[in-house]
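Student:
Numbering (my numbering), first residue to last: 12 to 118.
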């Protein structure tokens, strides 16, 4: 950052609060239940992927509650999440709602 700081400007970087990393084993029953719900609605089994992002409370929920945390996404890679021309296909909005309902019926 300092390398790119214009002459006459001052930069001060402070590390404040941060979130702990979180990952979950895709073979746990709760995640398999979510996969079943996706398959019911979309007609195909989902592929589990790791994705960068920050929801700092997720790790705390998992640790404090000693319970699995299931994050269910419905956006597609080309939808430019939090970027210019961000969009979300309405079909996935509708199917997302149905998938969550199906998941909740199963748990």
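Quick reminder that beta carbons are idealized off the backbone N, C-alpha and C, glycines included. Since the structure is predicted, the reported quantities are computational estimates derived from the model, not experimental observations.
(1) Give the range of the alpha helix (DSSP H) segment to which residue 1 is assigned.
(2) With the cut-off set at 7 Å, would you say residue 52 and residue 106 are in Cβ contact?
(3) In whole angstroms, what separates the C-alpha of residue 94 from that of residue 101?
(4) Where residue 87 and residue 81 are concerned, what is the direct C-alpha to C-alpha distance, given to the nearest angstrom?
(5) Under 8 Å, with one C-beta from each stretch per pair, do the segment 15 to 34 and the segment 59 to 70 reach the 3-pair mark?
(6) Quick check on residue 107: does DSSP put it in helix, strand or coil?
(7) When the distance is taken between beta carbons, is residue 114 closer than 7 Å to residue 48?
(8) By the DSSP assignment, the alpha helix (DSSP H) with residue 50 in it spans what residues?
Tutor: The short version:
(1) Residue 1 lies beyond the range of the chain shown here (12 to 118); nothing can be said about it.
(2) yes
(3) 18 Å
(4) 18 Å
(5) yes
(6) helix
(7) yes
(8) 40 to 53
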